[in-house]
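Worksheet: the structure to be examined is printed underneath.
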Amino acid sequence: MVHLSADECKDVSAVFSKVNVDQLGGESLASLLIVYPWTRRHFKTFGNLSSTDAILHNAKVQAHGAKVLGAVRDALKHVANLGGHFAHLSDLHCQQLFVDPANFKLFAGIVSIRVGQTMRQAYTPHVQASFEKFLDAVTDALAKGYH
Amino acid sequence: MVLSAADATHVHTVLDHVKGHEDTYGAEALNRTFTSHPQTKTYFHGKDLAENSAYLHSHGKKVMSALVNASAHCDNIYGALDKLSDMHAHELMVDPANFPILAHNILVTLAIHLPQVLTPACHVSLDKFLCEVGDALTHKYR
C-alpha cells in the first residue's frame, strides 16, 4: 500500500486548491481521448468524438471529466484507506465498464501535465512528485478490485 | 506508429520554442524525472544531480539538442538517432521502461514553460514523437 506523508498530502491539497477541478477534469478527459484515441472505446454513448474539435466541445466529456477529477480530489480525505474507499468504483470499472486499468495511468499522466500548464512554476518538482504519488495510489486502489 | 506530416509540423512548432533553452528545459526535465522517480538516478552514479547543477544543465542540453535534431528528420527518426541508438544498446543500456518516464517529464516541463503552445493537437504529436525516439534508442537492445 502507498503511504503519503503529511507533507505530501499538503502538496496534493495545495494543487487542488489552486486549480479549477471541474475545468481541469474536463480538459484532462478531453486530452486523454485526443492523445490516446483508443480510450474512446469506453465512451461510445458520449456522442461525437470523431475529431479534436468535436471532443473539445463535447459537453458529456467535460461533465464526466469533472466528475472523475472531483472523485480523485475527494479521495484525499481517505488516503489512509484508498482501497476501501474505491472498492465499489473498482468493481464497477472491472465488472460493468470493462476498463483496462492501464487507462487510469494514462489519465493520471495527462492530469499531471495539465496541472503543470495551469500552475506553471508553482508545480515544483517536489509538488509534482507528491501529486503523482497520490495519483499512483488512486490508480492502484481503482485496480485493486479487478479479478 | 507513423508520424504524419501534421505530426511533424506540430513537433517543429513545439521544438522551435525549445531552441535556445535546451539546457534549462533539459535540466528541469531531468530534475523532475529524478525527483518523482528516484530509481532513475541509478544511471548517474557519482554525478552532481542537485537542481540546477552544471552537470544537469550540460546533460539536459545534450538530451534536448538530440531531440531538436531528431525533429528535423521525423520521416527517419531511427536513421537520425543511429549513433545514439548504438550508444544506448552497447554502453548505456538504460532499461527501456525509463524512456516513457523521461518523456512524461519533458512534457510536464514544456507544459509549464509553453502552456499555450502545447495544445491537445501538439501534445498528441509530441507524445508520438517521444515514443518513436524511445523506440529508436532501444531497438538495438536485442
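Chains as they are written, first to last, in the working numbering: chain A, 1442 to 1588; chain B, 1320 to 1461.
Ideal Cβ placement from N, Cα and C applies to all residues, glycine included.
Range of the contiguous alpha helix (DSSP H) that encloses residue i
i, result
"residue 1403 of chain B", "1401 to 1406"
"residue 1450 of chain A", "1447 to 1459"
"residue 1665 of chain A", "Because chain A is modelled from 1442 through 1588, residue 1665 of chain A falls outside the range shown and cannot be assessed."
"residue 1412 of chain B", "From DSSP, residue 1412 of chain B is part of no alpha helix (DSSP H); its letter is neither H nor E."
"residue 1350 of chain B", "1341 to 1355"
"residue 1503 of chain A", "1500 to 1515"
"residue 1374 of chain B", "1373 to 1390"
"residue 1549 of chain A", "1543 to 1560"
"residue 1531 of chain A", "1528 to 1532"
"residue 1439 of chain B", "1439 to 1457"
"residue 1573 of chain A", "1566 to 1584"
Close beta carbons around residue i, own chain, < 8 Å, minus the five adjacent residues each side
i, result
"residue 1385 of chain B", "1400, 1403"
"residue 1435 of chain A", "Nothing can be reported for residue 1435 of chain A: it is not among the residues displayed for chain A, which extend from 1442 to 1588."
Separation of residue j from residue i, as counted between CA atoms
i, j, result
"residue 1494 of chain A", "residue 1488 of chain A", "13 Å"
"residue 1445 of chain B", "residue 1438 of chain B", "10 Å"
"residue 1574 of chain A", "residue 1445 of chain A", "8 Å"
"residue 1407 of chain B", "residue 1355 of chain B", "23 Å"
"residue 1346 of chain B", "residue 1559 of chain A", "21 Å"
"residue 1482 of chain A", "residue 1323 of chain B", "23 Å"
"residue 1467 of chain A", "residue 1556 of chain A", "13 Å"
"residue 1412 of chain B", "residue 1450 of chain A", "36 Å"
"residue 1454 of chain A", "residue 1335 of chain B", "35 Å"
"residue 1417 of chain B", "residue 1374 of chain B", "20 Å"
"residue 1457 of chain A", "residue 1553 of chain A", "12 Å"
"residue 1383 of chain B", "residue 1536 of chain A", "44 Å"
"residue 1361 of chain B", "residue 1338 of chain B", "29 Å"
"residue 1563 of chain A", "residue 1357 of chain B", "21 Å"
"residue 1514 of chain A", "residue 1457 of chain B", "37 Å"
"residue 1434 of chain B", "residue 1450 of chain B", "21 Å"
"residue 1366 of chain B", "residue 1350 of chain B", "13 Å"
Burial state of residue i (16 or more Cβ within 10 Å)
i, result
"residue 1587 of chain A", "exposed"
"residue 1405 of chain B", "exposed"
"residue 1421 of chain B", "buried"
"residue 1492 of chain A", "exposed"
"residue 1471 of chain A", "buried"
"residue 1539 of chain A", "exposed"
"residue 1486 of chain A", "exposed"
"residue 1461 of chain A", "exposed"
"residue 1328 of chain B", "exposed"
"residue 1390 of chain B", "buried"
6 Å Cβ shell around residue i - same chain, five flanking residues per side excluded
i, result
"residue 1452 of chain A", "1568, 1571"
"residue 1545 of chain A", "1580, 1583"
"residue 1503 of chain A", "1467"
"residue 1507 of chain A", "1463, 1466, 1467"
Proximal residues to residue i (C-beta, below 7 Å), its chain only, five neighbours per side dropped
i, result
"residue 1473 of chain A", "1480, 1547, 1548, 1551"
"residue 1359 of chain B", "1352, 1353, 1417, 1420"
"residue 1534 of chain A", "1540, 1583"
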